[in-house]
Amino acid sequence: MQNTLRIVLVLVLLFTACSQNDNLMKNSNHSLIVELLNSKPEYFADVLKKSRKHRLQILYTQIDRDENNIPTFTKHGYRLQTEKYFYPASCVKFPAALLALEKLNDLNIAGLNKFTSLKIDSSFANQTAVVADSTSKNGLPSIAHYIKKIFLVSDNDAYNRMYEFIGQRTLMDKFKAKGFLHSNLIRRLSIPNTPEESRHTNAFTFFEGDEIIYRQPAAQNDASYKIQMRDTKQGKGHYSSGKLINKPLDFSHSNYVSIEDFQDFLIASYFPETLAPERRFNLTQADYNFLYKTMSMMPRESKYPAYSDTSIFNDATGKIFIYGDTQKPIPDNIRIFNKTGGAYGYLLDNAYIVDFENKVEFLLTAVIQVNENQIYNDDNYEYKEIGVPFLANLGRVIYNYEKHREKMFQPDLSKFKVHEN
């Protein structure tokens with residue numbers, strides 16, 4: 000009887016993940032993407048000839064509105080392989096931000112919100128404490144400021160603090176409960192944590208002046224996680240502690256989020272009404288507006304933190320689709336709500352792209368690997384030569400297609416105009 004119940008539960012979870020809502024999918028095919036890519040062989044032909052080598056995956060979703068502005072989604076996928084591993088890099092910071100905001104609301108403590116000042120303790124190996132943040136207006140860290148840095152410049156420490164605040168077990172349990180069955184955030188970034196160290200997370204104290212509002216003790220996850228997927232061992236060698244190891248790099252204790260889940264996180268953020276209630280995040284309208292602002296903001300639009308060196312922090316910082324290979328300012332009528340990632344030769348972008356003037360909107364998510372020598376951690380990747388131009392051109396070709404695509408009803412996009420400084 001217990002085995003039967005387990006089978007039924009698994010089938011229910013799989014059905015939930017595949018049929019997230021009635022509007023999500025009209026069809027799923029790759030013919031349109033192939034047609035668009037083949038229309039510009041000068042941009043795409045070389046990569047397409049080696050698409051398997053480049054581990055290329057693309058998900059483009061058209062959005063059509065009815066007379067009440069209710070969206071319908073039509074998905075077009077290319078080489079989507081949910082069960083084949085790729086390294087998601089900094090793209091994982093986006094779902095971590097969502098769960099950090101949700102946790103604050105779930106706690107439902109008077110005076111506790113995303114702007115509340117905090118300090119972080121350390122109590123286990125490789126943990127670090129935080130008592131100040133010189134880049135914030137009041138000199139103190141907060142969840143909101145960490146999230147802002149995540150989207151502005153993909154700050155690794157900011158993600159690590161969200162990971163520590165939420166906790167490894169909660170991250171995994173929440174994703175599964177919401178039907179994100181191919182999302183696994185099980186470690187910090189840019190810190191060589193062991194699996195044991197990844198299971199331990201820091202103590203947090205939230206305060207206002209001398210008043211303690213909430214204390215969260217250090218936590219330990221008793222469960223042990225490992226990525227059980229094909230192809231978690233990759234390459235022919237990798238560097239470790241400055242030495243070349245002539246063995247594949249093992250990603251089985253790394254993070255993973257599928258292309259489909261990444262795009263569904265966008266849908267949960269920008270079109271939550273289209274999802275079943277159990278798949279939504281517990282966010283307020285103020286939280287959504289905060290996301291819309293920070294995810295689309297350019298470094299020049301931020302005062303805290305301030306990024307004055309435009310040769311390093313320009314409009315293309317964190318905006319690979321359409322603008323990644325150009326230094327030109329992004330026009331005011333276009334906003335890109337996104338999170339990029341790049342590491343180990345993998346390059347990703349996950350975006351909801353809007354043109355307010357021309358009434359254009361679409362979702363685009365893609366990953367490409369550019370690691371010709373198949374050596375990891377040698378910082379010898381073809382990002383500028385292959386990866387960024389491919390994704391930038393992909394964004395341009397689809398944007399131009401969308402700009403001329405006929406629609407029965409024009410979208411009302413006014414609720415996303417929240418990017419004022």
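Numbered per numbering that gives the first Met the number 0, the sequence shown spans residues 0 to 420.
We put the CB at the ideal spot given by N, CA and C, even for glycine.
Inclusion of L117 and I149 in the CB contact set at 9 angstroms is not warranted, their separation being larger than that value. Under the three-state reduction of DSSP, N183 is assigned to strand.
A Cβ-Cβ contact shorter than 9 angstroms links L265 with L362. Ranked by how close their Cα comes to the Cα of D230, the residues T81, D154 and G76 have T81 in first place. Distances from the CA of A96 to each of M407, Q219 and N281 were compared; the closest alpha carbon is that of N281. Boundaries for T169: no beta strand (DSSP E) harbours it, while the alpha helix (DSSP H) harbouring it runs Q167 to A176, taken from the DSSP string. Counting along the chain, E360 sits inside the beta strand (DSSP E) bounded by residues V359 to Q368. Contact between A131 and D120 is absent: CB atoms are separated by about 14 angstroms, not below the 8 angstroms threshold. The secondary-structure analysis by DSSP pairs Q56 across a beta bridge with V366.
Here the alpha carbon of K102 sits roughly 47 angstroms from the alpha carbon of E41. The alpha-carbon separation between F205 and E163 amounts to approximately 14 angstroms.
In the displayed model, P216 falls within coil according to three-state DSSP, outside both helix and strand. Rounded to whole angstroms, the gap between the alpha carbons of H53 and V369 is 6 angstroms.
Counting C-beta pairs closer than 8 angstroms gives fewer than three between the stretch 284 to 303 and the stretch 377 to 386, which falls short of the contact rule.
By a beta-carbon distance limit of 8 angstroms, L58 contacts K74. Their separation comes to about 7 angstroms. For Q61, the pairing in a beta bridge is given by DSSP as T73 and F361. Taking a C-beta distance under 9 angstroms as the contact criterion, N254 and G166 do not qualify as a contact pair.
By the beta-carbon neighbour count (other beta carbons within 10 angstroms, threshold 16), D331 is exposed.
For the pair of segments examined, the stretch 85 to 100 was found to touch the stretch 259 to 273: the number of CB pairs separated by less than 8 angstroms reaches three. Across the set F114, T71, H29 and A44, the C-alpha of T71 shows the shortest separation from the C-alpha of K406.
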